[in-house]
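Novice: I'd like to ask you about the structure that follows.
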Amino acid sequence: MTPMKELRVQLEVLRYNPDTDTEAHFQRYELTCPEEWVVLDALNTVKAEIDPTLNYRWSCHMAVCGSCGMMINGTPKLSCHTFLRDYEGTVIRVEPLAHFPIERDLVTAPDDFMEKLKRVKPYIIPKEKKPISEGEYKQTPAQLMKFRQYSMCINCMLCYAACPEYGLTPSFIGPAALTLAHRYNLDSRDGGRKERQEVVATHEGVWECTFVGACSEACPAHVDPASALQQMKITSSIDWIVEHLIPGGNK
Amino acid sequence: MAKSHKPVVWFPFAAGGTVIAFFIPVIVVLTFMAALGHVPPGLSYDRMHAFAGSSLGKLVIFGVVALSLWSSAHRLRCTCFDFGLRADTLVATVLYIMAIAGSLLSAVYLLQI
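Protein sequence lines correspond, in order, to chains A and B.
If you read the first sequence in the numbering used here, its first letter stands for residue 1, the second for the next number, and so on.
If you read the second sequence in the numbering used here, its first letter stands for residue 1001, the second for the next number, and so on.
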């Protein structure tokens, strides 16, 4: 077996302890890591061997849980999916996700996103309720494919950290929550679009989006939230025409 | 939270974006070709003049110009907003008036052909 190549890694990590600090500061860590390691591995090594006071969230280490989102050199990324070798010879700056309040070090408070997620009713609201004895709600593969892409969201909030519109207007419902609304609107078993439109079709809904597209670039699950929002702008516009220009359409 | 009336300005913006994507590159290429003396026979001055003189031609040209102008105005409004220029109502009013003025001018010129 050939020996593993090792990299000298320099991390510049944002530190903030609400109990003792009045403002955040950067702390430099230097360590040696195998070249196939990711930023999260380096942080785990720092916590285990250099500085046990460092705080950050992580769980799966395989880009499915969505916990370890951070700003890495200013770009929102999953730290378990960001290879150290891509930053060889540079100082890697690690900060908490942008646009969210910092709780401690790299840990942010996701409350705003959670509240918005609830508002779009991201669950199936059945067209017609039927008793369990009548069996399951069936769906063809073609009906599944209509929304499958939009169901792949892992709630990592990278799209919120990437979206300049959310940064400028925090009341914006935002990419992930609106995309999940779209995912349920497109589901053949669902009849809840009219209820969701009360949030989706407002100024704070899809109309705050100016189609920058940063959400789709940041998304590690290839959900393409920007496309979902543009599709919802079209359906919301058709709704508007029906409601305002067609006699009897406002029902 | 009331539903937004944004579709009024967004629908022509979206239509204009589609028009720009399909027509403007072609128009740019044809303009360069014409400037270099390579005018395709079907697009000679006489034929284009006749096209612009017909009612259908006037409508098509007006549609392309008006929707493209509106789309560009709206895009510029969004860009200003994204760059932090928060006087959105003022920006929108100025840009939309410019688009409408350009559209009216194109209608006036088209009607004179």
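All C-beta atoms in this analysis are idealised placements derived from N, C-alpha and C, irrespective of residue type, glycine included.
Bear in mind the structure is a predicted one, so any value in this text is a computation, not a measurement.
With respect to the beta strand (DSSP E) encompassing A:Leu-11, which residues constitute its N-terminal and C-terminal limits?
Specialist: Looking up residue 11 of chain A in the first sequence gives position 11. Counting along the chain, the beta strand (DSSP E) containing A:Leu-11 begins and ends at 6 to 15.
Novice: Identify, in the order they occur along the chain, each residue of the same chain with its Cβ nearer than 8 Å to the Cβ of A:Ser-67, setting aside the five sequence neighbours on each side.
Specialist: Taking the first sequence and counting its residues from 1, the one referred to as residue 67 of chain A is at position 67. Closer than 8 Å at Cβ, skipping near neighbours: Arg-57, Trp-58, Ser-59, Cys-60, Cys-156.
Novice: Among residues of its own chain, excluding the 5 on either side of A:Trp-37, which ones have a beta-carbon nearer than 7 Å to its beta-carbon?
Specialist: Position 37 of the first sequence, counted from the start, is the residue given in the question as residue 37 of chain A. So the qualifying residues of the chain are Leu-84.
Novice: Since B:Trp-1070 meets chain A, which of its residues come closer than 7 Å, beta carbon to beta carbon?
Specialist: Within the second sequence, residue 1070 of chain B is the residue found at index 70, counting from 1. Within chain A, no residue comes near B:Trp-1070; the closest Cβ sits about 14 Å away, beyond 7 Å.
Novice: Within 8 Å of any Cβ in chain A, is that where the Cβ of B:Asp-1082 sits?
Specialist: As a position in the second sequence, residue 1082 of chain B is number 82, starting the count at 1. It does: the Cβ of B:Asp-1082 has a partner Cβ on chain A nearer than 8 Å.
Novice: When you compare the CB positions of B:Val-1019 and B:Val-1064, do they come within less than 8 Å of one another, or not?
Specialist: In the second sequence, the residue the question calls residue 1019 of chain B occupies position 19. In the second sequence, the residue the question calls residue 1064 of chain B occupies position 64. In contact: B:Val-1019 and B:Val-1064 (Cβ atoms closer than 8 Å).
Novice: What in chain A is Cβ-close to B:Ser-1106, meaning under 7 Å?
Specialist: For the purposes of this step, residue 1106 of chain B is taken as the residue at position 106 of the second sequence. Near B:Ser-1106 there are no residues of chain A at all, since even the closest Cβ is about 25 Å away, more than 7 Å.
Novice: Examine chain B for any beta-carbon lying closer than 8 Å to the beta-carbon of A:Ser-227, and answer yes or no.
Specialist: The residue given as residue 227 of chain A occupies position 227 in the first sequence. No, no contact with chain B.
Novice: Among all the DSSP beta bridges, which residues are the ones paired with A:Thr-202?
Specialist: Here residue 202 of chain A corresponds to residue number 202 of the first sequence, with the count starting at 1. A:Thr-202 pairs with B:Lys-1003.
Novice: Taking only beta-carbon atoms, is B:Lys-1058 less than 8 Å away from chain A?
Specialist: On the second sequence, position 58 is the one that residue 1058 of chain B refers to. So no, B:Lys-1058 is outside the interface.
Novice: Give the DSSP-derived three-state secondary structure of A:Ile-173 in the structure shown.
Specialist: Residue 173 of chain A sits at position 173 when you count from the first residue of the first sequence. Looking at A:Ile-173 - three-state DSSP - the assignment turns out to be coil, as it is neither helix nor strand.
Novice: Between the Cα of A:Glu-35 and those of A:Arg-8, A:Thr-169, A:Ser-236, spot the shortest distance and give me the residue it belongs to.
Specialist: Counting from one through the first sequence, the residue named residue 35 of chain A turns up at place 35. The shortest Cα separation from A:Glu-35 among A:Arg-8, A:Thr-169, A:Ser-236 belongs to A:Arg-8.
Novice: How many Å lie between A:Met-145 and B:Tyr-1096 at the Cα?
Specialist: For the purposes of this step, residue 145 of chain A is identified with residue 145 of the first sequence, where counting begins at 1. For the purposes of this step, residue 1096 of chain B is identified with residue 96 of the second sequence, where counting begins at 1. C-alpha separation (whole angstroms): 40 Å.
Novice: B:Ser-1103 and B:Phe-1013: beta carbons closer than 8 Å?
Specialist: Along the second sequence, read from residue 1 onward, the residue named residue 1103 of chain B stands at position 103. Along the second sequence, read from residue 1 onward, the residue named residue 1013 of chain B stands at position 13. It is not a contact, given that the beta carbons lie outside the stated cut-off.
Novice: When you compare the CB of B:Pro-1041 with every CB in chain A, is at least one pair closer than 8 Å?
Specialist: By one-based count along the second sequence, residue 1041 of chain B stands at place 41. It does not; no Cβ of chain A falls within 8 Å.
Novice: Roughly how many angstroms lie between the CA atoms of A:Ala-109 and A:Trp-240, to the nearest whole one?
Specialist: The residue you call residue 109 of chain A lines up with position 109 of the first sequence. The residue you call residue 240 of chain A lines up with position 240 of the first sequence. Their Cα atoms are separated by approximately 36 Å.
Novice: What does A:Pro-164 touch in chain B if you count any residue whose Cβ is under 8 Å from its own?
Specialist: Translated into the one-based positions of the first sequence, residue 164 of chain A becomes position 164. Residues of chain B passing the Cβ test: Asp-1082.
Novice: Rounded to the nearest angstrom, what separates A:Gln-230 and A:Val-206 at their Cα positions?
Specialist: Within the first sequence, the letter at position 230 stands for residue 230 of chain A. Within the first sequence, the letter at position 206 stands for residue 206 of chain A. Spanning the two alpha carbons is a distance of roughly 8 Å.
Novice: I need the straight-line Cα distance from B:Cys-1080 to A:Ile-132, nearest angstrom please.
Specialist: Looking up residue 1080 of chain B in the second sequence gives position 80. Looking up residue 132 of chain A in the first sequence gives position 132. Approximately 54 Å between the Cα atoms of the pair.
Novice: Just checking, does the region 63 to 79 of chain A make contact with the region 136 to 143 of chain A on the three C-beta pairs under 8 Å criterion?
Specialist: Verdict: no, contact absent.
Novice: Tell me which residue opens and which closes the alpha helix (DSSP H) that A:Pro-141 is part of.
Specialist: The sequence position of residue 141 of chain A within the first sequence is 141, counting from 1. 141 to 147 is the span of the alpha helix (DSSP H), which, as asked, contains A:Pro-141.
Novice: What ranges does the beta strand (DSSP E) occupy inside the region 75 to 140 of chain A, keeping only unbroken runs of at least 3 residues that lie completely in it?
Specialist: Listed in chain order, the complete beta strand (DSSP E) runs (minimum 3 residues) inside the region 75 to 140 of chain A are 75 to 78, 91 to 95, 102 to 104.
Novice: Taking 7 Å as the limit between beta carbons, can you name the residues of its chain near B:Gly-1016, skipping five residues before and five after?
Specialist: Position 16 of the second sequence holds residue 1016 of chain B. Closer than 7 Å at the Cβ level, and outside the excluded window around B:Gly-1016, lie Leu-1067, Ser-1068, Trp-1070, Ser-1071.
Novice: At 7 Å on the CB atoms, spell out the chain B contacts of A:Val-212, in chain order.
Specialist: As a first step, residue 212 of chain A is located in the first sequence; it is residue number 212 there, counting from the start. Asp-1082, listed in chain order.
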